[in-house]
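If you read the sequences in order, they're chains A and B.
With the working numbering applied, the first sequence closes on residue 114, and no number is skipped along the way.
With the working numbering applied, the second sequence closes on residue 113, and no number is skipped along the way.
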Amino acid sequence: GAVVSQHPSWVICKSGTSVKIECRSLDFQATTMFWYRQFPKQSLMLMATSNEGSKATYEQGVEKDKFLINHASLTLSTLTVTSAHPEDSSFYICSAPGDTGELFFGEGSRLTVL
Amino acid sequence: AQSVTQPDIHITVSEGASLELRCNYSYGATPYLFWYVQSPGQGLQLLLKYFSGDTLVQGIKGFEAEFKRSQSSFNLRKPSVHWSDAAEYFCAVNSGGYQKVTFGTGTKLQVIP
């Protein structure tokens with residue numbers, strides 16, 4: 001199956017700094033990628049849809065200026081958490097759709113903001 | 001609007017025992033249905049999917065699921081559970097368009113010796 005890779009797998013940062021998470025499709029091209037946030041013991045919450053060559057589409061309630069998404073190429077989408085605060089600490093996961101409707105997920109990135 | 005219900009938050013089974021995880025969906029037409037597994041601190045891995053055709057689908061790691069339209073269910077089964085199956089399992093529904101994937105709240109599986 002298709003492979004999606006995220007980096008870093010975990011990151012610790014100080015409050016007020018910005019953190020960038022990368023999501024790459026390794027063996028296929030993805031014009032669309034999705035970013036999710038997962039709280040402990042909860043399901044995935046779709047944050048935004050990343051579109052190659054155009055602006056991302058954010059879900060209701062997600063701050064566009066806080067979570068910057070860039071889809072610079074057909075294999076790379078990045079999520080930047082700007083001016084991170086402790087409440088932004090979470091597990092962030094990206095995914096890309098396959099040819100037959102399923103989603104392929106990255107390994108996830110654990111963000112801890114001190 | 002589509003929705004997915006996984007009624008069991010946590011299930012414990014003995015190694016070697018059979019397993020069934022429940023999933024019910026709400027959607028007017030026949031959706032695309034998926035089961036994913038998530039190990040701690042990891043992303044989600046696709047176990048199996050149903051789009052159409054045979055209502056019993058086989059997946060990886062010995063899992064299977066059966067689509068029952070009359071019950072709006074897509075339960076996941078495995079005849080004999082292994083300790084390595086301990087993880088969180090998510091049922092998901094896609095009614096059309098990749099954005100419209102809705103995940104259930106997950107069922108955490110614990111396997112005891």
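From the three backbone atoms N, C-alpha and C, an ideal C-beta is built for every residue, glycine too.
Can you tell which of the options has the C-alpha that lies nearest to the C-alpha of residue i?
i, options, result
"Thr31 (chain A)", "A:Leu68, A:Ile93 and A:Gly53", "A:Gly53"
"Phe67 (chain B)", "B:Leu21, B:Val81 and B:Thr105", "B:Leu21"
"Ala86 (chain B)", "B:Gln38, B:Thr55 and B:Pro7", "B:Gln38"
"Leu46 (chain B)", "B:Thr55, B:Asp54, B:Leu33 and B:Cys23", "B:Leu33"
"Ser73 (chain A)", "A:Val81, A:Asp88, A:Glu87 and A:Gln29", "A:Gln29"
"Ala1 (chain B)", "B:Ser26, B:Phe63, B:Gly59 and B:Leu56", "B:Ser26"
"Leu76 (chain B)", "B:Ser84, B:Thr55, B:Trp83 and B:Ser70", "B:Thr55"
"Thr112 (chain A)", "A:Ser9, A:Ser77 and A:Gly106", "A:Ser9"
"Leu46 (chain A)", "A:Ala56, A:Pro40, A:Phe39 and A:Phe34", "A:Phe34"
"Arg69 (chain B)", "B:Pro7, B:Thr30, B:Thr12 and B:Asp8", "B:Thr30"
"Lys64 (chain A)", "A:Arg37, A:Thr82, A:Phe105 and A:Ala2", "A:Thr82"
"Lys20 (chain A)", "A:Phe105, A:Leu114, A:Ser77 and A:Arg37", "A:Ser77"
"Tyr36 (chain A)", "A:Ile93, A:Phe105 and A:Asp99", "A:Ile93"
Just grab the DSSP bridge partners of residue i for me.
i, result
"Leu76 (chain A)", "A:Arg24 and A:Ser73"
"Pro92 (chain A)", "What sits at residue 92 (chain A) in the sequence shown is Tyr, not Pro. Answer is A:Arg37 and A:Ser109."
"Ser3 (chain B)", "B:Ser26"
"Glu88 (chain B)", "B:Gln38 and B:Lys108"
"Ala48 (chain A)", "A:Trp35 and A:Tyr58"
"Ser95 (chain B)", "Per DSSP, none; premise fails for Ser95 (chain B)."
"Trp83 (chain B)", "Paired residues: none, contrary to the question."
"His10 (chain B)", "B:Lys108"
"Arg77 (chain B)", "B:Glu20 and B:Glu64"
"Lys49 (chain B)", "B:Phe34"
"Leu56 (chain B)", "B:Glu66"
"Thr102 (chain B)", "B:Val93"
"Val19 (chain A)", "A:Val81"
In whole angstroms, what separates the C-alpha of residue i from that of residue j?
i, j, result
"Arg24 (chain A)", "Ser52 (chain B)", "30 Å"
"His7 (chain A)", "Arg110 (chain A)", "10 Å"
"Leu44 (chain A)", "Val4 (chain B)", "12 Å"
"Gly43 (chain B)", "Thr49 (chain A)", "17 Å"
"Pro113 (chain B)", "Ser14 (chain B)", "6 Å"
"Leu103 (chain A)", "Ser95 (chain A)", "6 Å"
"Phe90 (chain B)", "Trp35 (chain B)", "6 Å"
"Glu88 (chain B)", "Glu107 (chain A)", "14 Å"
"Phe39 (chain A)", "Thr105 (chain B)", "11 Å"
"Thr80 (chain A)", "Asp88 (chain A)", "11 Å"
"Val111 (chain B)", "Cys13 (chain A)", "35 Å"
"Ile9 (chain B)", "Leu19 (chain B)", "14 Å"
"Asp27 (chain A)", "Phe91 (chain A)", "24 Å"
"Lys55 (chain A)", "Asn70 (chain A)", "8 Å"
"Gln71 (chain B)", "Glu22 (chain A)", "41 Å"
"Leu109 (chain B)", "Gln42 (chain A)", "14 Å"
"Pro79 (chain B)", "Lys66 (chain A)", "46 Å"
"Ile11 (chain B)", "Ala65 (chain B)", "17 Å"
"Glu59 (chain A)", "Ile60 (chain B)", "32 Å"
"Asn51 (chain A)", "Leu48 (chain B)", "26 Å"
"Leu68 (chain A)", "Val11 (chain A)", "17 Å"
"Phe63 (chain B)", "Val57 (chain B)", "9 Å"
"Asp99 (chain A)", "Thr57 (chain A)", "21 Å"
What is the C-beta distance between residue i and residue j, in whole angstroms, given that I count them as a contact (C-beta under 8 Å)?
i, j, result
"Val81 (chain B)", "Gly16 (chain B)", "7 Å"
"Gly61 (chain A)", "Asn94 (chain B)", "Actually they do not touch by this definition, with Cβ atoms about 22 Å apart."
"Cys23 (chain B)", "Ser73 (chain B)", "6 Å"
"Ser18 (chain A)", "Ala84 (chain A)", "7 Å"
"Pro97 (chain A)", "Ser15 (chain A)", "Contact flag wrong, Cβ pair sits at about 35 Å."
"Ala92 (chain B)", "Thr102 (chain B)", "7 Å"
At a CB-CB cut-off below 7 Å, which residues of chain D make contact with residue i?
i, result
"Glu102 (chain A)", "Considering every chain present, this structure includes no chain D. Its protein chains are A and B."
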